[in-house]
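Chains as they are written, first to last, in our numbering: chain A, 35 to 149; chain B, 48 to 161.
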């Protein structure tokens with residue numbers, strides 16, 4: 035079965051330190067990969083996506099993500115965390131060869147950045 | 048939250064009543080989606096529509112119904128057959144087709160059924 039795993043329910047990091055939010059997936063073919071962020075009682079906002087090419091993708095608010103095909107991972111990173119980055123982060127995968135429109139979301143990782 | 052609006056933000060209903068959640072978009076997107084979000088479970092797809100007058104069931108369609116009479120609108124009805132309707136409901140839209148298209152989400156409707 036196709037799935038997306040975010041192994042950490044919560045990540046805690048001090049402001050100014052680098053952060054990583056992990057994501058691994060189990061999807062056949064070469065899927066499209068996404069990260070979204072959700073602030074309390076709001077909808078999700080798109081951060082970045084990987085289609086093809088460079089394994090390091092840059093997105094909004096200084097976030098970037100590293101694609102690793104052999105490890106089927108797509109970890110979200112930021113060199114220096116801000117308190118305002120505290121939110122719920124979702125990794126998502128869209129299979130590229132199904133002809134359908136379904137996107138599979140991970141369960142989410144809550145990021146706490148402490149001042 | 049882009050050009051997608053959902054109303055109302057909070058909705059309270061008694062058990063046994065049907066309720067309709069509104070979703071409107073002005074992004075000219077062909078594809079629209081409804082998700083349900085429960086704590087610790089991520090987003091689960093209820094229904095999606097690729098074009099007007101056409102829609103498909105997602106992973107948890109039982110107890111829900113939708114219509115797509117206009118490109119801009121994709122209302123979701125939560126029927127009395129849905130056993131656990133209390134949740135946060137998110138509507139989204141995207142460009143249609145087999146591309147790497149991200150989804151744009153509305154602000155959500157929190158439904159509480161007692």
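We treat Cβ as the ideally placed atom computed from N, Cα and C, and that holds for glycine.
Every value quoted in this text rests on a predicted model; they were computed, and no experiment measured them.
Sort the options by Cα distance to residue i and report the nearest one.
{"i": "residue 136 of chain A", "options": "B:79, B:72, B:71, B:58", "result": "B:79"}
{"i": "residue 86 of chain A", "options": "A:63, A:80, A:77, A:76", "result": "A:63"}
{"i": "residue 112 of chain B", "options": "B:52, B:58, B:65", "result": "B:65"}
{"i": "residue 128 of chain B", "options": "B:118, B:110, B:156", "result": "B:110"}
{"i": "residue 120 of chain B", "options": "B:57, B:62, B:76", "result": "B:76"}
{"i": "residue 74 of chain A", "options": "A:127, A:122, A:148, A:142", "result": "A:122"}
{"i": "residue 72 of chain B", "options": "B:54, B:63, B:147, B:161", "result": "B:54"}
{"i": "residue 56 of chain A", "options": "A:119, A:84, A:114, A:100", "result": "A:100"}
{"i": "residue 93 of chain A", "options": "A:47, A:76, A:49, A:80", "result": "A:80"}
{"i": "residue 104 of chain A", "options": "A:51, A:39, A:59, A:38", "result": "A:59"}
Check residue i in the structure and name its three-state DSSP category.
{"i": "residue 99 of chain B", "result": "coil"}
{"i": "residue 130 of chain A", "result": "coil"}
{"i": "residue 148 of chain B", "result": "coil"}
{"i": "residue 94 of chain B", "result": "strand"}
{"i": "residue 94 of chain A", "result": "helix"}
{"i": "residue 118 of chain A", "result": "helix"}
{"i": "residue 76 of chain A", "result": "coil"}
{"i": "residue 144 of chain A", "result": "strand"}
{"i": "residue 48 of chain B", "result": "Because residue 48 of chain B sits at a pLDDT of 49, beneath the cut-off of 50, its placement in the model cannot be relied upon, and the point is left open."}
{"i": "residue 76 of chain B", "result": "coil"}
{"i": "residue 60 of chain B", "result": "strand"}
{"i": "residue 89 of chain A", "result": "coil"}
{"i": "residue 140 of chain B", "result": "strand"}
{"i": "residue 124 of chain A", "result": "strand"}
{"i": "residue 117 of chain B", "result": "strand"}
For residue i, is the classification buried or exposed, using 16 other Cβ atoms within 10 angstroms of its Cβ as the cut-off for buried?
{"i": "residue 59 of chain B", "result": "exposed"}
{"i": "residue 141 of chain B", "result": "buried"}
{"i": "residue 41 of chain A", "result": "exposed"}
{"i": "residue 144 of chain B", "result": "exposed"}
{"i": "residue 90 of chain A", "result": "exposed"}
{"i": "residue 87 of chain B", "result": "exposed"}
{"i": "residue 106 of chain B", "result": "exposed"}
{"i": "residue 159 of chain B", "result": "exposed"}
{"i": "residue 54 of chain A", "result": "exposed"}
{"i": "residue 132 of chain B", "result": "buried"}
{"i": "residue 112 of chain A", "result": "buried"}
{"i": "residue 98 of chain B", "result": "exposed"}
{"i": "residue 65 of chain A", "result": "buried"}
{"i": "residue 82 of chain B", "result": "buried"}
{"i": "residue 117 of chain A", "result": "exposed"}
{"i": "residue 150 of chain B", "result": "buried"}
Taking the CB atoms as reference points, tell me whether residue i and residue j lie closer together than 9 Å.
{"i": "residue 126 of chain B", "j": "residue 68 of chain B", "result": "no"}
{"i": "residue 144 of chain A", "j": "residue 71 of chain A", "result": "no"}
Handout entry: Interface residues of the segment 79 to 91 of chain B facing chain A [CB-CB below 7 Å]
Key = Within the segment 79 to 91 of chain B, the residues whose Cβ lies closer than 7 Å to some Cβ of chain A are 87, 88, 89, 90, listed in chain order.
Handout entry: Interface residues of the segment 119 to 149 of chain B facing chain A [CB-CB below 7 Å]
Key = Residues of the segment 119 to 149 of chain B with a C-beta atom less than 7 Å from some C-beta of chain A are 137, 145, 147, 149, listed in chain order.
Exercise for the section: Identify each residue in the segment 44 to 69 of chain A for which the Cβ-Cβ distance to at least one residue of chain B is less than 8 Å, and report them in chain order. Expected result: Within the segment 44 to 69 of chain A, the qualifying residues are 66, 68.
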